[in-house]
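Engineer: I'd like to ask some things about the structure below.
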């Protein structure tokens, strides 16, 4: 990381050597910004599995090393001489260090996805069982004959969060509004009733004698349906009737010809 920062500093020095149009002040501040960005990106890439504090310290160390080497090579034209003690503050050097540090921090925090962690605290719930059935599911119904009855027991479990004795301070509510909203959703979820349905017993009906199925009735009238047009064949068809020699199915004469003079029942195609 420090090597990459030093190489970046030397690139700006070479640009200043062959520079014709750009002012020297522009190159000085551009080099500080570029070195800071390089230090931040390399620290973010190489130390991505470490803590944020370690990445910031590594980026600042690389920045100071690059500015020192740049100052020594250019004989004080670029960079900051951190080895020399001055009687008065070096405001230009401090400004360069501040701008470089800001660039490094910007590179460290760029494209960073903030992860929001919501802590759900288990609330103490008071469970109450209601002995009376809930209307209308718990109402006793009588059979049509008035003898049998069918009941379905319903037990409702409600949970209500216990209020805390102490009041939250205004500072806590303002500091964590997201947590306050999440706690409200948790309280609403715990306060909803949970209905457990019992087993339903079917009542015996006294009308079985009247609900019996009607017996099947047979008729001596035989009807024939043409399998081609699905119309009923009459006794005296004006066009004539054809009968299959295999299955004995009747067809209209014109339907028999339209079907290729074969039976439309698929027994001959097997």
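Residue numbers (the numbering used here): 50 to 319.
Beta carbons are placed, not taken as given, at the ideal position from N, Cα and C, and that holds for glycine.
Assuming the contact rule is C-beta atoms closer than 8 Å, residue 149 and residue 116 should be a hit. Round their C-beta distance to whole Å, please.
Structural biologist: Locating residue 149 in the chain shown gives position 100, where the first residue counts as 1. Locating residue 116 in the chain shown gives position 67, where the first residue counts as 1. With 8 Å as the limit, residue 149 and residue 116 qualify as a contact, their Cβ atoms being about 7 Å apart.
Engineer: Can you tell me whether residue 286 is helix, strand or coil according to DSSP?
Structural biologist: The residue given as residue 286 occupies position 237 in the chain shown. Correct three-state label for residue 286: coil.
Engineer: Can you give me the C-alpha to C-alpha distance between residue 83 and residue 114, rounded to a whole angstrom?
Structural biologist: Residue numbering aside, residue 83 sits at position 34 when the chain shown is read from its first letter. Residue numbering aside, residue 114 sits at position 65 when the chain shown is read from its first letter. The straight-line gap from Cα to Cα measures roughly 14 Å.
Engineer: Pull up the distance between the alpha-carbon of residue 307 and that of residue 301, whole angstroms please.
Structural biologist: Taking the first residue of the chain shown as position 1, residue 307 is located at position 258. Taking the first residue of the chain shown as position 1, residue 301 is located at position 252. So the two alpha carbons sit approximately 10 Å from each other.
Engineer: Count the other CB atoms, across all protein chains shown, that sit within 10 Å of the CB of residue 289; report buried if there are 16 or more and exposed otherwise.
Structural biologist: Along the chain shown, one-based indexing puts residue 289 at 240. Its Cβ having fewer than 16 others within 10 Å, residue 289 is exposed.
Engineer: Please report the straight-line C-alpha distance between residue 8 and residue 232, rounded to a whole angstrom.
Structural biologist: No answer is possible for residue 8: the residues shown for the chain start at 50 and end at 319.
Engineer: Here's a check: name, in chain order, each residue in its chain whose Cβ is nearer than 6 Å to the Cβ of residue 89, leaving out the five neighbours to either side.
Structural biologist: Numbered from 1 along the chain shown, position 40 holds the residue referred to as residue 89. 108, 153, 156 and 157, listed in sequence order.
Engineer: Give me the residue from 282, 286 and 287 with the minimum Cα distance to residue 298.
Structural biologist: Taking the first residue of the chain shown as 1, we reach residue 298 at position 249. Minimum Cα distance to residue 298 is reached at 282.
Engineer: My guess is that residue 112 and residue 104 are in contact by the Cβ rule of under 8 Å, so how many angstroms apart are they, rounded?
Structural biologist: Looking up residue 112 in the chain shown gives position 63. Looking up residue 104 in the chain shown gives position 55. In fact, because the Cβ distance is near 13 Å, the residues do not count as touching under 8 Å.
Engineer: To which residues of the same chain is residue 292 closer than 8 Å at the C-beta, ignoring the five residues directly before and after it?
Structural biologist: Position 243 of the chain shown, counting from 1, holds the residue named residue 292. 298, 299 and 300.
Engineer: Excluding the 5 residues preceding and the 5 following residue 131 in the sequence, name in chain order all residues of the same chain whose CB lies nearer than 7 Å to its CB.
Structural biologist: By one-based count along the chain shown, residue 131 stands at place 82. 113 and 117, listed in sequence order.
Engineer: Can you tell which of 127, 160 and 159 has its C-alpha closest to the C-alpha of residue 144?
Structural biologist: In the chain shown, residue 144 corresponds to position 95, counting from 1. Answer by Cα proximity: 127.
Engineer: Consult DSSP for residue 87 and reduce its assignment to one of helix, strand or coil.
Structural biologist: Here residue 87 corresponds to residue number 38 of the chain shown, with the count starting at 1. It is helical.
Engineer: Pull the bridge partners of residue 292 from the DSSP assignment, please.
Structural biologist: Start at 1 with the first residue of the chain shown, and residue 292 comes out as number 243. Answer by DSSP bridge pairing, in chain order: 299.
Engineer: Note down, in chain order, each residue of its chain lying with its Cβ closer than 7 Å to the Cβ of residue 312, except the 5 sequence neighbours on either side.
Structural biologist: Position 263 of the chain shown holds residue 312. Once the five neighbours on either side are set aside, the close Cβ partners of residue 312 are 293, 295, 296 and 298.
Engineer: Rounded to a whole number of angstroms, what is the C-alpha to C-alpha distance between residue 151 and residue 73?
Structural biologist: Along the chain shown, one-based indexing puts residue 151 at 102. Along the chain shown, one-based indexing puts residue 73 at 24. When rounded, the distance between both Cα atoms is 21 Å.
Engineer: Do the CB positions of residue 129 and residue 120 come within less than 7 Å of each other?
Structural biologist: Counting from 1 along the chain shown, the entry for residue 129 is found at position 80. Counting from 1 along the chain shown, the entry for residue 120 is found at position 71. The answer is yes: Cβ separation under 7 Å.
Engineer: From this set, 76, 75, 110 and 304, which residue's C-alpha is nearest residue 91's C-alpha?
Structural biologist: Here residue 91 corresponds to residue number 42 of the chain shown, with the count starting at 1. Nearest option by C-alpha distance: 110.
Engineer: Which term fits residue 57, buried or exposed, when burial requires 16 or more other beta carbons within 10 angstroms of its beta carbon?
Structural biologist: Against the chain shown, residue 57 aligns to sequence position 8. Counting Cβ neighbours within 10 Å, residue 57 comes out buried, since at least 16 surround it.
Engineer: So, at 7 Å on beta carbons, what are the nonlocal neighbours of residue 106 in its own chain, with the 5 sequence-adjacent residues on each side left out?
Structural biologist: Within the chain shown, residue 106 is the residue found at index 57, counting from 1. Counting only Cβ-Cβ distances below 7 Å, and skipping sequence neighbours, we find nothing.
Engineer: Taking 8 Å as the limit between beta carbons, can you name the residues of its chain near residue 314, skipping five residues before and five after?
Structural biologist: In the chain shown, the residue the question calls residue 314 occupies position 265. For residue 314, where only same-chain residues beyond five positions count, the Cβ hits under 8 Å are 276, 293, 296 and 298.
Engineer: Under the rule that 16 or more other beta-carbon atoms within 10 Å means buried, what is residue 125, buried or exposed?
Structural biologist: Looking up residue 125 in the chain shown gives position 76. Residue 125 should be labelled exposed.
Engineer: Does residue 281 come out as helix, strand or coil in the three-state DSSP assignment?
Structural biologist: Position 232 of the chain shown, counted from the start, is the residue given in the question as residue 281. In the structure shown, residue 281 sits in a strand (DSSP, three-state: E or B).
Engineer: Along the alpha helix (DSSP H) that carries residue 119, what are the first and last residues, could you check?
Structural biologist: In the chain shown, the residue the question calls residue 119 occupies position 70. Element bounds for residue 119: 101 to 122.
Engineer: Within 10 angstroms of the Cβ of residue 305, are there 16 or more other Cβ atoms? Answer buried if so, exposed if not.
Structural biologist: One-based indexing of the chain shown puts residue 305 at position 256. That one is buried.
Engineer: Tell me the DSSP bridge mates of residue 273?
Structural biologist: Within the chain shown, residue 273 is the residue found at index 224, counting from 1. DSSP lists 282 as partners of residue 273.
Engineer: Figure out for me which residue from 278, 279, 284 and 263 has the closest Cα to the Cα of residue 271.
Structural biologist: Numbered from its first residue, the chain shown carries residue 271 at position 222. With distances taken between Cα atoms, residue 271 lies closest to 284.
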